[in-house]
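Sequential numbering from 0 applies to the sequence shown in my numbering. Working notes, structure below.
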Amino acid sequence: MPVTKQEFRHALGKFASAVTVVTTRDAEGNDLGITVTAFSSLSLDPPLILICIDHHAAIHDSFTLGRAFVVNILSAQQDEISQQFASRVADRFAGVDVHEGALGVLSIDGACANVECRVTNLLPGGDHTIVVGSVEGTEVSDLDPLLHYRGSYRCLV
Ligand SMILES: Cc1cc2nc3c(=O)[nH]c(=O)nc-3n(C[C@H](O)[C@H](O)[C@H](O)COP(=O)(O)O)c2cc1C
0 MPVTKQEFRH ALGKFASAVT VVTTRDAEGN DLGITVTAFS SLSLDPPLIL ICIDHHAAIH
60 DSFTLGRAFV VNILSAQQDE ISQQFASRVA DRFAGVDVHE GALGVLSIDG ACANVECRVT
120 NLLPGGDHTI VVGSVEGTEV SDLDPLLHYR GSYRCLV
């Protein structure tokens with residue numbers, strides 16, 4: 000018997016994670032972003048990461064092979080940015096300081112790290128798509144990360 004959704008959420012909620020906002024620019028030139036905790040390092044050689052995107056997310060179909068995207072690992076003071084990129088607001092980038100990276104995608108200022116990637120694989124994962132990205136550039140700061148645990152934002156100390 001599979002576990003219930005409640006059992007699944009209760010157990011997986013014990014997994015503390017960092018919080019990212021994944022940004023991309025679609026084929027029409029629109030800047031898009033989504034809050035994502037389903038992020039992992041995948042391979043060192045070659046350098047690969049993965050993110051998992053809900054089939055129903057507006058950004059989902061923008062992830063096509065070769066598409067550039069940035070995983071912005073949020074810093075401790077950026078919980079409002081996390082909420083904004085998970086909300087149905089007209090402009091998720093409103094009030095958010097950004098700069099354009101080498102791949103032509105907006106990176107969020109003041110993040111712990113900005114990881115610039117290109118989509119190399121799209122794999123099925125239940126109601127999500129596993130997006131594998133090759134890492135083509137990184138920016139790193141000394142800031143502490145924002146954490147997410149059991150539905151709440153936390154800090155390291
Ligand atoms: C803390 C947090 C973590 C999330 N992690 C993910 C994730 O890993 N993958 C995903 O597809 N959606 C994730 N979401 C949900 C999306 O951010 C949110 O549902 C989405 O932006 C709304 O979809 P829309 O763009 O179609 O309005 C997360 C939301 C929050 C608040």
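Using N, Cα and C, we set each Cβ at its ideal position, and we do this for glycine too. Just so it is clear, the structure is predicted and the values come from calculations on it, not from any experiment.
- prompt: Between V88 and ligand 1, is the CB less than 7 Å from at least one heavy atom?
  reply: Position 89 of the sequence shown, counted from the start, is the residue given in the question as residue 88. No, the beta carbon of V88 sits no closer than 7 Å to any heavy atom of ligand 1.
Stretch-stretch touch, CB-based, cutoff 8 Å, three pairs: the segment 99 to 107 with the segment 48 to 64: With the cut-off at 8 Å, the segment 99 to 107 and the segment 48 to 64 do not touch.
field: Limits of the beta strand (DSSP E) - the one that S106 falls within
entry: For the purposes of this step, residue 106 is identified with residue 107 of the sequence shown, where counting begins at 1. From DSSP, the beta strand (DSSP E) with S106 extends over L105 to I107.
message: Closer than 5 Å between the C-beta and any heavy atom of ligand 1: which residues qualify, listed along the chain?
response: The answer, residue by residue, is I33, T34, V35, T36, A37, I52, D53, A56, A57, A85 and H147.
- prompt: How close, in whole Å, do the beta carbons of R149 and G12 come, if the pair is a contact with beta carbons under 8 Å?
  reply: If you number the sequence shown from 1, residue 149 lands on position 150. If you number the sequence shown from 1, residue 12 lands on position 13. Yes, they are in contact, since the Cβ atoms of R149 and G12 sit about 5 Å apart, within 8 Å.
field: Contact under 8 Å by Cβ, F68 with V35
entry: In the sequence shown, counting from the first residue as 1, residue 68 sits at position 69. In the sequence shown, counting from the first residue as 1, residue 35 sits at position 36. No, they are not a contact pair.
- prompt: Taking Cβ positions, are V134 and V104 nearer each other than 8 Å?
  reply: The residue given as residue 134 occupies position 135 in the sequence shown. The residue given as residue 104 occupies position 105 in the sequence shown. With contacts defined by Cβ atoms closer than 8 Å, V134 and V104 do not form a contacting pair.
- prompt: From P123, G32 and D143, pick the residue whose C-alpha is nearest to that of G109; which is it?
  reply: Counting from one through the sequence shown, the residue named residue 109 turns up at place 110. Taking the Cα of G109 as reference, the smallest distance to any Cα among P123, G32 and D143 is reached at D143.
- prompt: When you compare only the Cα positions, how much space is there between G136 and A112?
  reply: Start at 1 with the first residue of the sequence shown, and residue 136 comes out as number 137. Start at 1 with the first residue of the sequence shown, and residue 112 comes out as number 113. Going from the Cα of G136 to the Cα of A112 covers about 11 Å.
- prompt: Tell me the DSSP bridge mates of E79?
  reply: Residue mapping note: residue 79 aligns to position 80 of the sequence shown, counting from 1. Beta-bridge pairing links E79 to no other residue.
- prompt: Are the beta-carbon atoms of L64 and V18 separated by less than 8 Å?
  reply: For the purposes of this step, residue 64 is taken as the residue at position 65 of the sequence shown. For the purposes of this step, residue 18 is taken as the residue at position 19 of the sequence shown. No, these two residues do not count as a Cβ contact at 8 Å.
field: Range of the contiguous beta strand (DSSP E) that encloses E138
entry: Translated into the one-based positions of the sequence shown, residue 138 becomes position 139. Residues H127 to V139.
message: Taking a contact to mean a Cβ-Cβ separation below 8 Å, would you say S40 touches L145 in this structure?
response: Taking the sequence shown and counting its residues from 1, the one referred to as residue 40 is at position 41. Taking the sequence shown and counting its residues from 1, the one referred to as residue 145 is at position 146. No, they are not a contact pair.
message: I need the DSSP call for F7, collapsed to helix, strand or coil.
response: Position 8 of the sequence shown, counted from the start, is the residue given in the question as residue 7. Here F7 sits in helix by DSSP.
query: Between the beta-carbon of C116 and the beta-carbon of G94, is there less than 8 Å?
result: The count along the sequence shown starts at 1 and reaches residue 116 at position 117. The count along the sequence shown starts at 1 and reaches residue 94 at position 95. No, Cβ-Cβ distance for C116 and G94 is not below 8 Å.
- request: Please classify D44: does DSSP put it in a helix, a strand, or coil?
  value: For the purposes of this step, residue 44 is identified with residue 45 of the sequence shown, where counting begins at 1. Coil at D44, not helix or strand.
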